[in-house]
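Here is the structure we will look at, set down as C-alpha cells.
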Amino acid sequence: MRVRRAFLATAILAGVAACGSGSAAAFQPAGSLSPAPLQAPLSGQAGQRLAGYQFPSDVSIDFTTPAPADPARRAVIDGYRNYVLALWAAVLSHGKNGAYQQRATGNALAFVRREVARYRTQGTTVQGTIAYNDTRIAGVYFGTGADVLACVDSSAFHAVNTTTGATVGPALPARLTRYLENVAEGKRSDGTWFVSRLAVYPAASTQGARCR
Amino acid sequence: MRTRLLTVTAACAVLAGLGQGVPALAQRALPAGGGPAFSHFAYSRVQVTGDASPGALGGPAVYTPAPCWVEPRFAGTNSYHRGDPQPSPTGDADSYWWWFVGQEPALAGVLGRIQGLKQAVNEVFKAHQGGAGWWWVPSWINAGISGYSCAWGLVHRLNWSAQYLEYQFPQKGGPDTPGHPIDGRILADLARAELALPAIKVFTSPAAGKPSDVNLPVWVWVSYAGPRQPTDTASVPLPDGTTLSATVTTTPPRVSVAVSTSSARLYNNCGATGSKYAGNAAATPPCGVTFLAPSTGGPYTITVTAQWTVRWSDSTGESGTFASPPWPAPVQAGATTVTVREIQAIN
C-alpha cells in the first residue's frame with residue numbers, strides 16, 4: 000500500500016510537471032488536450048487567415064521584419080507572430096476564434112481575454128493597420144525558453160463602432176500608440192513555441208525608447 | 000508504464016480544464032515580484048553588498064550570462080512538517096511548492112483542485128524529510144522579461160520531478176556542475192553587473208573655460224565620485240547554514256588622455272589620478288597634453304579615461320576575471336574642451 004501511494008504521488012507530480020513542461024505530454028496552456036498545429040501566414044497582409052479565421056480586408060497585421068533563416072530561431076518568431084494573429088483574431092471574432100488558447104498562457108492569455116472583453120462589451124471592433132517592427136530574439140535559454148522584442152506601431156489601428164463603422168478612438172490605449180512589446184516564450188515538445196508572459200513599455204518610457 | 004501515462008493524462012485533463020479558473024493569478028502586473036526580501040532578483044536570496052548599483056541590472060546589455068539559475072532553499076530536514084501545506088516562501092519545501100504555484104501559475108503549469116493531490120504532494124516531500132539532500136528552486140533577475148524566459152527554459156530543460164522544485168545532493172559550486180546551480184561564477188557575474196565604478200570629473204590647468212597656448216602644456220587630473228577601488232560581494236545563504244559568496248575587486252584605475260587632434264603631444268604617465276598643476280609652468284606634466292597648433296576649427300576636446308581591471312574570487316577558492324566583450328569594458332570617461340591660441344611673438 001505504501002509503495003502504491005508513493006507511486007501515485009510521484010505519478011501525479013510527474014503529471015503536473017508533464018503538463019507544464021511539454022516533455023512527456025504536449026503542454027496545453029489552458030485549453031484542449033489535443034490542439035492541431037495551426038498554420039498561420041507569417042506576412043500580415045489583407046486577407047490573411049488564421050486557423051480557419053479570415054481576417055477582414057480592412058484589417059492588416061504587418062510583420063515588417065524578415066523571419067530568421069535559421070529554422071530554430073524562425074520557430075521562435077513564428078510563436079510570437081502566431082500569438083499576435085491569434086490575439087487579433089480573438090478580438091475581431093469577439094472571442095469566437097479560440098486559437099489564442101493554444102498560443103498564450105499566463106498574463107499573455109489574460110491580456111487577450113481582456114482585449115476580447117473590452118471589444119465585446121463596447122460594441123466595437125478594430126480596423127486599420129497595426130505594424131510589428133524590428134522584431135528580434137533577445138535570447139534563447141536552455142533551448143526551451145526565449146525572449147522576443149518588437150516595436151509595435153498602432154497609430155493606424157482604430158476602434159470602430161460595429162454598427163455604424165465610425166471611428167471611436169484608437170484601438171489600443173493612447174499610451175500604446177507606439178510601444179515595445181517583450182514576450183517570454185516556451186517551447187512545446189512538438190517544437191512549436193507559445194507566449195508565456197508579456198510586458199509592454201510605452202515608447203515614451205525609458206525601456207520603450209527604442210520604439211520612438 | 001500504461002498506468003503512469005493514464006495517470007498523467009487524467010491529471011492533465013483535470014489540470015487543463017481547471018486552468019481556465021486561474022487567470023486571476025496570471026493577471027499580476029509585470030515584472031514579477033519575488034516575495035519577501037526579493038527585489039531585483041526573483042525568488043532568490045542573493046544579496047549584493049558593497050559598492051553596488053542594483054539598478055544596473057535593469058539595463059538590457061548589462062548582464063550577458065543566462066539571467067537565471069537554481070538556488071538551494073531548504074535542507075532535507077525542512078522537506079515537510081505536520082500541518083503542511085501552508086503556502087509560504089519560507090518554512091519548508093512542501094509549503095514553498097504550494098506557494099510558488101500560486102505566484103507563478105504559468106511557469107508552474109496549470110493546477111487546480113484534484114482529489115488527493117494535497118496528500119500525494121505531501122507524500123513526495125514526506126519521503127525526503129530528514130534526508131541529506133537540498134531542495135532547489137529557480138531564481139532569476141527581475142528586470143524586464145528575460146529572467147523569466149530563462150527560468151522557463153531552465154526549469155523545462157531540467158525536467159524536475161516536482162517541476163520547479165527538486166531534491167538533489169548539496170552542491171556548492173565547482174566547475175561545470177549540471178543544472179545551472181548557483182555557484183561562485185554566477186554570484187561573481189551578479190556582483191560584476193552591479194559593481195558601481197565611480198564617475199570621474201576632469202580638471203585641467205589652464206582651467207576649463209580659460210584659453211591655452213600652442214606649446215604650453217595642459218595639465219590633466221581627475222577626481223572620483225566614489226571609492227577609487229570599488230568592490231562588492233554577492234552572497235547566498237545555503238541550507239546548511241553556511242554562505243556561498245563571490246567578491247569582485249578592482250585594481251587601482253589607470254588614467255589616460257586622448258585629444259581630438261593629431262597636432263598634440265600626449266603625456267600618459269597618469270597613474271590613478273593624473274597630475275595636478277603644482278605651479279611650475281616650464282615643467283612637462285606626467286599627465287596632460289601639449290597642443291602644437293591652434294584650435295582654429297573650434298575648441299579641442301580632451302577625453303580622459305579611467306580603466307580598471309576587475310577580478311573575482313569566491314568562498315570556495317575559485318577565481319577569475321571578466322572578459323570584454325561580452326562584459327562592457329570597466330571604464331569611466333570624462334571630457335573637457337580647450338581653446339588653443341597661437342603664441343603671439345613680442346618684439
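Chains A and H are the protein sequences, given in the same order.
Be aware that the first sequence starts at 0, since it is given in numbering that gives the first Met the number 0, and climbs by one per residue.
Be aware that the second sequence starts at 0, since it is given in numbering that gives the first Met the number 0, and climbs by one per residue.
The beta carbon of each residue, even a glycine, is placed where N, CA and C say it ideally should be.
Under 8 Å between C-beta atoms of residue i and residue j
| i | j | result |
| --- | --- | --- |
| residue 256 of chain H | residue 298 of chain H | no |
| residue 222 of chain H | residue 314 of chain H | no |
| residue 272 of chain H | residue 308 of chain H | no |
| residue 179 of chain H | residue 97 of chain H | no |
| residue 131 of chain A | residue 151 of chain A | yes |
| residue 167 of chain H | residue 143 of chain H | no |
| residue 78 of chain A | residue 184 of chain A | yes |
| residue 339 of chain H | residue 211 of chain H | yes |
As assigned by DSSP and simplified to three states, the class of residue i
| i | result |
| --- | --- |
| residue 275 of chain H | coil |
| residue 269 of chain H | coil |
| residue 183 of chain H | helix |
| residue 348 of chain H | No information on residue 348 of chain H is available, as it lies outside the stretch 0 to 346 that chain H covers here. |
| residue 109 of chain A | helix |
| residue 223 of chain H | strand |
| residue 197 of chain A | strand |
| residue 127 of chain H | helix |
| residue 204 of chain A | coil |
| residue 147 of chain H | helix |
| residue 113 of chain H | coil |
| residue 333 of chain H | strand |
| residue 194 of chain H | strand |
| residue 54 of chain H | helix |
| residue 79 of chain A | helix |
| residue 22 of chain A | In this predicted model, residue 22 of chain A has a pLDDT of only 29, less than 50, meaning its place in the structure is not dependable enough to derive any value. |
| residue 163 of chain A | coil |
| residue 82 of chain H | coil |
| residue 122 of chain H | helix |
| residue 347 of chain H | The question about residue 347 of chain H has no answer here: the residues shown for chain H are numbered 0 through 346. |
| residue 101 of chain A | helix |
| residue 188 of chain H | helix |
| residue 87 of chain H | coil |
| residue 93 of chain H | helix |
Contact belief for residue i with residue j at Cβ below 8 Å, rounded distance in angstroms
| i | j | result |
| --- | --- | --- |
| residue 302 of chain H | residue 334 of chain H | 5 Å |
| residue 235 of chain H | residue 191 of chain H | About 16 Å; that fails the 8 Å criterion. |
| residue 71 of chain H | residue 159 of chain H | Not quite, the Cβ-Cβ distance comes to about 13 Å (not below 8 Å), so this is no contact. |
| residue 305 of chain H | residue 252 of chain H | 4 Å |
| residue 177 of chain A | residue 211 of chain A | 7 Å |
| residue 103 of chain A | residue 193 of chain A | 6 Å |
| residue 196 of chain A | residue 107 of chain A | 6 Å |
| residue 145 of chain H | residue 138 of chain A | 6 Å |
| residue 91 of chain H | residue 73 of chain H | 6 Å |
| residue 231 of chain H | residue 194 of chain H | 5 Å |
| residue 40 of chain H | residue 79 of chain H | Contact flag wrong, Cβ pair sits at about 26 Å. |
| residue 347 of chain H | residue 106 of chain H | Outside the shown range of chain H (0 to 346) lies residue 347 of chain H, about which nothing can therefore be said. |
| residue 200 of chain A | residue 207 of chain A | 4 Å |
Residues that DSSP places opposite residue i in a beta bridge
| i | result |
| --- | --- |
| residue 234 of chain H | H/46, H/244 |
| residue 70 of chain H | H/136 |
| residue 148 of chain A | A/135, A/181 |
| residue 169 of chain A | A/157 |
| residue 140 of chain A | A/144 |
| residue 287 of chain H | H/218, H/266 |
| residue 165 of chain H | H/135 |
| residue 62 of chain A | A/131 |
| residue 310 of chain H | H/248, H/320 |
| residue 258 of chain H | H/301 |
| residue 376 of chain H | Chain H is shown from 0 up to 346; residue 376 of chain H falls before or after that span and cannot be answered. |
| residue 126 of chain A | A/157 |
| residue 342 of chain H | In the DSSP output, where bridge partners are listed per residue, residue 342 of chain H has none listed. |
Own chain, CB closer than 7 Å to residue i, minus 5 neighbours either side, in chain order
| i | result |
| --- | --- |
| residue 263 of chain H | 288, 289, 290, 291 |
| residue 149 of chain H | 65, 66, 67, 139 |
Sequence-distant residues of its chain with Cβ nearer than 6 Å to residue i (five each side left out)
| i | result |
| --- | --- |
| residue 284 of chain H | 216, 218, 266, 274 |
| residue 143 of chain A | 186 |
| residue 64 of chain H | 188 |
| residue 224 of chain H | 197, 198 |
| residue 130 of chain H | 75 |
| residue 330 of chain H | 304, 306 |
| residue 259 of chain H | 299, 300 |
| residue 85 of chain A | 98, 99, 102 |
| residue 87 of chain H | 94, 98 |
Contacting residues, own chain, Cβ-Cβ under 8 Å from residue i (five flanking each side not counted)
| i | result |
| --- | --- |
| residue 122 of chain A | 160, 161, 162 |
| residue 156 of chain A | 125, 126, 127, 128, 129, 169, 170, 171 |
| residue 82 of chain A | 99, 102, 103, 107, 182, 193, 194 |
| residue 286 of chain A | The question about residue 286 of chain A has no answer, for chain A in this structure spans 0 to 211. |
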